[in-house]
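Position one of the sequence shown corresponds to residue 50 (the numbering used here), numbered consecutively onward. C-beta atoms are modelled at their ideal positions from N, C-alpha and C, and glycine is treated no differently.
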Amino acid sequence: MSSSRVALITGASAGLGEQFAQLFARDGFDLILTARGLPRLEAVAQRLAHHKVKVHLISEDLSQPGGARRLFAAVQERGLAVHTLVNNAGFGSFGDFLDLPLEKEVEMLNLNCVALLELSHLFGAQMRAHKEGRILNVASTAAFQPGPYMATYYATKAFVLSFSEGLAHELRDSGVTVR
Ligand SMILES: NC(=O)c1ccc[n+]([C@@H]2O[C@H](COP(=O)([O-])OP(=O)(O)OC[C@H]3O[C@@H](n4cnc5c(N)ncnc54)[C@H](OP(=O)(O)O)[C@@H]3O)[C@@H](O)[C@H]2O)c1
């Protein structure tokens with residue numbers, strides 16, 4: 050296992066995810082960056098090059114069954130111990146719920162909630178064993194109230210907030226923090 054501190058950031062090829070990557074690189078973390086598309090991840094890695102940290106890129110679709118487990122296995126294969134997990138990947142849709150494609154709404158639940166839960170479980174267990182770790186689950190102000198015409202998205206973020214607060218309490222004496 051590497052002795053450097055490693056941060057794993059999901060949805061790291063754009064938006065907030067790239068900003069997290071820049072911040073962790075500035076703080077000297079080696080990085081595991083993941084998203085579906087490799088070209089945009091490679092572009093982010095180029096923009097991080099001046100930080101002189103190691104950057105590992107893993108392409109995975111976390112909305113698909115088994116995606117989180119495949120990502121976990123890929124990290125293990127590289128011999129990396131994740132110190133900080135940033136569950137950032139997520140998306141929303143807008144419109145009348147009954148008129149939105151059902152498949153996309155289910156993908157949203159899978160990405161925003163199920164993959165976040167699975168990665169928290171898989172990496173959280175390792176962190177607890179090491180008595181050190183950080184999990185940052187990206188929710189939204191949408192977590193605090195229902196959102197008509199974005200009903201699924203708001204509900205997923207309510208899940209993220211509730212789950213994270215519950216897990217944070219469970220792990221309060223473990224050396225692992227959850228936010
Ligand atoms: N932007 C805001 O104003 C805002 C406000 C509150 C909360 N948030 C939350 O912050 C997080 C990031 O939002 P953002 O606006 O920065 O997102 P974004 O710019 O749309 O970027 C999304 C990232 O997630 C990846 N991604 C999307 N679908 C994926 C999938 N199925 N599997 C794996 N990776 C996937 C994307 O790369 P690929 O497309 O290549 O997979 C990309 O790297 C989300 O959880 C969002 O709900 C955002």
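Practice item. Examine ligand 1 and report whether any of its heavy atoms sits within less than 8 Å of the Cβ of THR201. Key: Position 152 of the sequence shown, counted from the first residue, corresponds to residue 201. Checking every heavy atom of ligand 1 against the Cβ of THR201, none is found closer than 8 Å.
Exercise for review: Going by CA-CA distance only, name the one from ASP145, GLY60, ALA130, ASN186 that's closest to MET176.
Suggested key: Position 127 of the sequence shown, counted from the start, is the residue given in the question as residue 176. Distance from the Cα of MET176 is smallest, within the candidate group ASP145, GLY60, ALA130, ASN186, for ALA130.
Point to revise | Cutoff 8 Å; reference GLY86; Cβ partners in own chain excluding five residues on either side | key: Position 37 of the sequence shown, counted from the start, is the residue given in the question as residue 86. If we look at GLY86 and ignore the five residues flanking it on each side, its Cβ neighbours are SER62, SER108.
Point to revise | Spatial distance of LEU111 from ARG228 (CA atoms) | key: Here residue 111 is taken as the residue at index 62 of the sequence shown, counted from 1. Here residue 228 is taken as the residue at index 179 of the sequence shown, counted from 1. Linking LEU111 to ARG228 through their CA atoms gives a straight-line distance of about 21 Å.
Practice item. Measure the Cβ-Cβ separation of VAL187 and ASN137 and say whether it is below 9 Å. Key: As a working note, residue 187 is residue 138 in the sequence shown. As a working note, residue 137 is residue 88 in the sequence shown. Their beta carbons are under 9 Å apart, which means VAL187 touches ASN137 by this criterion.
Review point. With a CB to CB cut of under 6 Å and the five nearest residues on each side skipped, what residues in its chain are close to GLY224?
Key: Position 175 of the sequence shown, counting from 1, holds the residue named residue 224. Within the same chain, GLY224 has close Cβ partners LYS180, GLU181.
Check your understanding: Under 9 Å, do VAL104 and LEU82 count as touching if we go by C-beta distance?
Key -> Taking the sequence shown and counting its residues from 1, one reaches residue 104 at position 55. Taking the sequence shown and counting its residues from 1, one reaches residue 82 at position 33. Taking 9 Å as the Cβ cut-off, VAL104 and LEU82 qualify as a contacting pair.
Practice item. Kindly examine ligand 1 and report whether one of its heavy atoms sits closer than 8 Å to the Cβ of VAL227. Key: For the purposes of this step, residue 227 is taken as residue 178 along the sequence shown, with counting starting at 1. Because no heavy atom of ligand 1 lies under 8 Å away, the Cβ of VAL227 does not count as near it: no.
Check your understanding: Can you tell which of VAL155, SER211, LEU165, ALA207 has the C-alpha that lies nearest to the C-alpha of ILE58?
Key -> Stepping through the sequence shown from its first residue, residue 58 is reached at position 9. When only C-alpha atoms are compared, the closest one is LEU165.
Check your understanding: Buried or exposed: where does SER211 fall if 16 or more other Cβ atoms within 10 Å of its Cβ makes it buried?
Key -> Numbered from its first residue, the sequence shown carries residue 211 at position 162. SER211 is exposed by the Cβ-count criterion.
Practice item. Give a single yes or no on whether GLY116 has its beta carbon closer than 8 Å to a heavy atom of ligand 1. Key: The residue you call residue 116 lines up with position 67 of the sequence shown. Yes, the Cβ of GLY116 comes within 8 Å of a heavy atom of ligand 1.
Point to revise | SER108 (DSSP reduced to helix, strand or coil) | key: Residue mapping note: residue 108 aligns to position 59 of the sequence shown, counting from 1. Of the three classes helix, strand and coil, the one that applies to SER108 here is strand, per DSSP.
Review point. If you draw a straight line from the alpha carbon of PHE78 to that of GLY196, how long is it in whole angstroms?
Key: In the sequence shown, the residue the question calls residue 78 occupies position 29. In the sequence shown, the residue the question calls residue 196 occupies position 147. In a straight line, the C-alpha of PHE78 is about 36 Å away from that of GLY196.
Check your understanding: Within 8 Å: the Cβ of GLN113 and any heavy atom of ligand 1?
Key -> Counting from one through the sequence shown, the residue named residue 113 turns up at place 64. Yes.
Exercise for review: Taking PHE143 as the reference, give the member of VAL102, MET199, GLY215, THR190 with the closest Cα.
Suggested key: For this step, residue 143 is matched to residue 94 along the sequence shown. The shortest Cα separation from PHE143 among VAL102, MET199, GLY215, THR190 belongs to MET199.
Exercise for review: Could you spell out where the beta strand (DSSP E) holding ARG183 opens and where it closes?
Suggested key: Here the question's residue 183 lines up with position 134 in the sequence shown. That run of the beta strand (DSSP E) goes 182-186.
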